[in-house]
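2 protein chains.
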Amino acid sequence: MSVTIKDVARAAGVSPSTVSRVLSHHPKISPATVRKVREAMEALGYHPNIMAKSLVSKSTQTIGLVLPRSVEEFVNPFFSEVLRGMLACAQSAGYDVLMSSANSRPEELESVNRMILGRRVDGIILMAPRKADPLVDLLLEHDFPFVLLGRSLERSDLLCVNNNNVQAAFDATRHLIAQGHEHIGFVSGPPDMVVSEDRLEGYKRALAEAGLPFRQEWVMTAEMLQAGGFHATSLMMSQPERPTAFVVIDDVIAFGFIRQLYEAGMRVPDDVSVVSFNNIMLSELSNPPISTVDIGIYHLGYTTVQLLIRKLAGETITQPQIVLPHRLIVRGSSARQPDA
Amino acid sequence: MSVTIKDVARAAGVSPSTVSRVLSHHPKISPATVRKVREAMEALGYHPNIMAKSLVSKSTQTIGLVLPRSVEEFVNPFFSEVLRGMLACAQSAGYDVLMSSANSRPEELESVNRMILGRRVDGIILMAPRKADPLVDLLLEHDFPFVLLGRSLERSDLLCVNNNNVQAAFDATRHLIAQGHEHIGFVSGPPDMVVSEDRLEGYKRALAEAGLPFRQEWVMTAEMLQAGGFHATSLMMSQPERPTAFVVIDDVIAFGFIRQLYEAGMRVPDDVSVVSFNNIMLSELSNPPISTVDIGIYHLGYTTVQLLIRKLAGETITQPQIVLPHRLIVRGSSARQPDA
DNA sequence: CAGTTCTGTGCAAACGTTTGTTTTTCAACA
DNA sequence: TGTTGAAAAACAAACGTTTGCACAGAACTG
Numbered sequence: 002m003s004v005t006i007k008d009v010a011r012a013a014g015v016s017p018s019t020v021s022r023v024l025s026h027h028p029k030i031s032p033a034t035v036r037k038v039r040e041a042m043e044a045l046g047y048h049p050n051i052m053a054k055s056l057v058s059k060s061t062q063t064i065g066l067v068l069p070r071s072v073e074e075f076v077n078p079f080f081s082e083v084l085r086g087m088l089a090c091a092q093s094a095g096y097d098v099l100m101s102s103a104n105s106r107p108e109e110l111e112s113v114n115r116m117i118l119g120r121r122v123d124g125i126i127l128m129a130p131r132k133a134d135p136l137v138d139l140l141l142e143h144d145f146p147f148v149l150l151g152r153s154l155e156r157s158d159l160l161c162v163n164n165n166n167v168q169a170a171f172d173a174t175r176h177l178i179a180q181g182h183e184h185i186g187f188v189s190g191p192p193d194m195v196v197s198e199d200r201l202e203g204y205k206r207a208l209a210e211a212g213l214p215f216r217q218e219w220v221m222t223a224e225m226l227q228a229g230g231f232h233a234t235s236l237m238m239s240q241p242e243r244p245t246a247f248v249v250i251d252d253v254i255a256f257g258f259i260r261q262l263y264e265a266g267m268r269v270p271d272d273v274s275v276v277s278f279n280n281i282m283l284s285e286l287s288n289p290p291i292s293t294v295d296i297g298i299y300h301l302g303y304t305t306v307q308l309l310i311r312k313l314a315g316e317t318i319t320q321p322q323i324v325l326p327h328r329l330i331v332r333g334s335s336a337r338q339p340d341a
Numbered sequence: 002m003s004v005t006i007k008d009v010a011r012a013a014g015v016s017p018s019t020v021s022r023v024l025s026h027h028p029k030i031s032p033a034t035v036r037k038v039r040e041a042m043e044a045l046g047y048h049p050n051i052m053a054k055s056l057v058s059k060s061t062q063t064i065g066l067v068l069p070r071s072v073e074e075f076v077n078p079f080f081s082e083v084l085r086g087m088l089a090c091a092q093s094a095g096y097d098v099l100m101s102s103a104n105s106r107p108e109e110l111e112s113v114n115r116m117i118l119g120r121r122v123d124g125i126i127l128m129a130p131r132k133a134d135p136l137v138d139l140l141l142e143h144d145f146p147f148v149l150l151g152r153s154l155e156r157s158d159l160l161c162v163n164n165n166n167v168q169a170a171f172d173a174t175r176h177l178i179a180q181g182h183e184h185i186g187f188v189s190g191p192p193d194m195v196v197s198e199d200r201l202e203g204y205k206r207a208l209a210e211a212g213l214p215f216r217q218e219w220v221m222t223a224e225m226l227q228a229g230g231f232h233a234t235s236l237m238m239s240q241p242e243r244p245t246a247f248v249v250i251d252d253v254i255a256f257g258f259i260r261q262l263y264e265a266g267m268r269v270p271d272d273v274s275v276v277s278f279n280n281i282m283l284s285e286l287s288n289p290p291i292s293t294v295d296i297g298i299y300h301l302g303y304t305t306v307q308l309l310i311r312k313l314a315g316e317t318i319t320q321p322q323i324v325l326p327h328r329l330i331v332r333g334s335s336a337r338q339p340d341a
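In structure tokens, the structure reads:
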């Protein structure tokens with residue numbers, strides 16, 4: 002059916018092993034032979050069978066990507082952008098990307114087991130790890146190469162690519178403080194995600210540095226917003242000492258939050274200032290445009306795959322943790338506090 | 002290193018072929034043997050090597066996904082949502098998904114060639130096909146199973162899953178007409194995409210049905226918006242007979258368009274009504290919330306993979322074209338024309 | 001000019017499965 | 001007890017590569 006290395010060998014009048022060596026740029030092949038083989042390959046339209054190749058070479062030239070389980074993270078434009086960066090890097094290095102998605106924890110483990118024990122991929126990228134993530138343990142146990150997009154709370158020797166989320170949240174909060182805000186709330190994401198924890202920490206530090214008190218009752222979670230968000234919002238905004246500004250953990254959540262403030266009769270930035278994170282494309286097109294911390298999403302994806310490929314190439318990684326820069330982008334959603 | 006079928010065979014005291022048959026639920030294996038083998042597999046932690054398996058069986062249990070080339074389409078939340086549907090279906094059928102992205106047409110062809118001639122995938126999903134798409138020709142030439150997400154303009158015998166985009170645009174336009182609008186513009190996407198053409202056609206038909214003239218000068222393209230969109234928008238809106246409403250080809254483009262109207266001093270829906278397509282999650286959270294045609298993105302992705310898998314299973318497909326329903330969702334971005 | 005070292009190829013085994021064919025086992029029957 | 005036949009299991013070839021080793025011939029060396 003399909004044309005194999007043997008067909009090429011026959012057509013070029015050489016042995017299959019010679020064809021294989023031409024393919025892998027073996028040094029000790031005469032230029033004349035190389036030409037003959039190349040011509041035969043061209044004429045027959047030969048493409049190597051990757052299954053056969055990786056059966057013997059034990060390398061699949063494929064990277065496994067474990068996608069976030071929750072729908073919310075998945076449909077976040079953050080995700081497509083990071084994916085774009087990953088694919089760009091993988092492709093430029095000749096790697097393919099295999100995706101694994103799962104709806105539950107057991108499915109996720111099963112899926113990863115299939116990928117690594119079935120020898121389908123050479124390495125794995127883990128997105129947005131959780132606290133005490135069993136996936137990390139599984140990979141460590143099998144001594145399988147992987148890189149975290151994000152960081153592990155528990156171990157500092159794992160390969161990972163991350164932003165300094167503590168600093169990013171610190172910067173965002175300080176921006177609001179500099180605008181004269183003294184009552185600043187925080188809207189968080191899933192509490193077991195490391196990034197939620199880091200950004201909350203940065204928020205706290207900025208408050209502390211400015212001598213402002215941290216108030217637990219001014220911290221809302223995204224779940225609260227989704228289930229009866231309107232109620233939660235209006236409740237918070239009707240307090241005598243209400244926040245005049247919010248640090249929101251993610252652009253998409255900021256969209257929803259701003260919408261709910263609007264429905265509760267609050268205007269952004271007139272009544273409430275908002276600054277969030279990620280700088281997805283749409284945050285610029287929002288009304289008002291959202292002030293946000295750009296974390297270089299595309300670059301984040303690109304660098305993660307790059308690190309994994311370096312690892313797979315056998316390079317000794319002297320610096321396992323790569324921290325990429327962030328940058329606060331001030332737009333229309335955050336304004337000077339009127340009273341100040 | 003890793004545990005193979007031979008190890009299991011030895012541990013269970015049977016031959017490798019017997020283990021293989023247990024794995025594939027061969028009918029003529031005694032229950033006692035099945036139990037023995039299962040226990041050995043469990044004890045050793047056996048997972049089949051998929052490369053070896055597909056080398057001989059010629060089936061990879063993998064679906065190839067050719068992603069859109071342009072960045073704009075890729076980062077569109079439409080994309081992650083459709084991907085989510087695809088992965089859900091693929092996973093429930095035991096298939097994996099391999100992604101191919103490319104930045105240029107030659108790269109794209111090369112990538113698909115690698116996938117099909119390298120025997121990496123059993124079938125392929127093509128997203129958002131273009132007019133006279135060479136990818137389609139390539140796949141037909143190799144007689145390789147594939148399904149279009151969208152439709153082919155040239156051939157009607159190809160497997161595809163689509164919405165009735167003509168009807169959807171017709172519905173959207175008629176909604177604006179019913180609101181009293183008589184001057185209705187159209188904001189289009191990339192002109193070589195089939196979906197652009199279909200939606201423009203539906204828009205024209207609705208105008209014709211209502212006895213309203215079609216004006217080429219009221220059709221803008223997304224490219225126009227991106228490069229100097231502000232200028233283009235304000236130019237159009239300063240015309241003596243300006244449109245009071247727009248049908249916009251896509252939610253994300255609607256975001257940008259509304260933003261630019263805003264900067265040109267126009268309010269939505271007070272000065273201009275907007276209705277768009279896709280109903281991405283954020284369109285509900287926009288300010289104002291966007292009226293849009295829901296096309297069931299997730300379901301679209303799910304059904305596409307489902308059709309491909311049916312094809313791969315050897316089923317004879319009596320109806321090659323699946324058309325999924327759409328539904329207009331009226332929100333705040335479209336309002337009754339004040340003069341009417 | 002015989003011996004040695006290169007250089008370029010070919011041979012054959014291996015990778016971990018599947019599967020058509022053959023062999024063994026064993027119960028049932030004459 | 002010997003024969004038959006079905007059922008269960010084993011054997012062996014194949015899938016398309018890579019790669020260590022062997023080997024022929026050319027090119028040196030002394």
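Residue numbers (this note's numbering), protein chains in the order written: chain A, 2 to 341; chain B, 2 to 341. Here a beta-carbon is modelled for each residue, glycine too, at the ideal position from N, C-alpha and C. Everything numeric in this text was worked out from a predicted model, so none of it was measured.
Item to check | Closest Cα partner of A:Gly185 within the set A:Phe79, A:Val167, A:Glu218 and A:Asp144 | outcome: The question names Gly, but residue 185 of chain A is Ile in the sequence shown. When only C-alpha atoms are compared, the closest one is A:Glu218.
Item to check | Cut-off 7 Å between Cβ atoms - residues of its own chain near B:Leu88, not counting five sequence neighbours on either side | outcome: Val98
Checklist entry - Residues in its own chain within less than 7 Å of B:Phe79 by CB, not counting five upstream and five downstream? => result Asn279, Ile281 and Ile298
Item to check | For B:Cys161, the residue or residues it bridges with in DSSP | outcome: B:Leu149 and B:Gln322
Checklist entry - Start and end of the alpha helix (DSSP H) containing B:Thr174? => result Asn166 to Ala179
Item to check | Through-space distance from B:Leu325 to A:Ile254, alpha-carbon basis | outcome: 30 Å
Checklist entry - Using a Cβ-Cβ cut-off of 7 Å (strictly less than) and excluding sequence neighbours within five positions of A:Thr234, which residues of its own chain qualify? => result Gln261, Leu262 and Ala265
Item to check | Where the alpha helix (DSSP H) containing B:Val57 begins and where it ends | outcome: Ile51 to Ser58
Checklist entry - Taking C-beta to C-beta, are A:Ile125 and A:Leu309 nearer than 9 Å? => result yes
Checklist entry - How is B:Arg216 classed by DSSP in three states: helix, strand or coil? => result coil
Checklist entry - In the DSSP assignment, what are the bridge partners of B:Asp97? => result B:Thr63
Next on the checklist: By alpha-carbon positions, which one of A:Arg131, A:Val67 and A:His143 ends up nearest to A:Ser112?
Outcome noted: A:Val67
Item to check | Cβ neighbour criterion (16 or more within 10 Å) applied to B:Gln92 | outcome: buried
Checklist entry - When burial is assigned at 16 or more other CB atoms within 10 Å of the CB, is A:Ile318 buried or exposed? => result exposed
Item to check | Proximal residues of chain A, C-beta to C-beta of B:Glu82 below 7 Å | outcome: Val76
Next on the checklist: Residues in the same chain with beta-carbon distance under 6 Å from B:Ala341, minus the five sequence neighbours each way, listed in chain order, please.
Outcome noted: Confidence at B:Ala341 is low in this model, with a pLDDT of 48, below 50, so its placement is unreliable and no value can be given for it.
Item to check | For B:Arg337, three-class secondary structure by DSSP | outcome: coil
Checklist entry - Does A:Met282 come within less than 9 Å of chain B when only Cβ atoms are used? => result yes
Checklist entry - Residues of chain B with a CB under 7 Å from the CB of A:Ser55: which are they? => result Met52
Next on the checklist: Let me check understanding here. Comparing Cα to Cα, which of B:Arg311, B:Ser31, B:Glu74 and B:Leu127 lies closest to B:Gly151?
Outcome noted: B:Leu127
Checklist entry - DSSP beta-bridge partners for B:Ala246? => result B:Ile185 and B:Ser274
Checklist entry - For B:Gly124, does the three-state DSSP call read helix, strand or coil? => result strand
Item to check | Cβ-Cβ separation, B:Leu177 to B:Val248 (assumed contact under 8 Å), whole Å | outcome: 7 Å
Item to check | CA-to-CA distance, A:Ala223 to A:Ile296, given in whole angstroms | outcome: 21 Å
Checklist entry - Shorter than 9 Å from the beta carbon of A:Phe247 to some beta carbon of chain B? => result no
Next on the checklist: Can you tell me where the beta strand (DSSP E) holding B:Ser292 begins and where it ends?
Outcome noted: Ser292 to Asp295
Checklist entry - Taking Cβ positions only, does B:Asn288 come closer than 9 Å to chain A? => result yes
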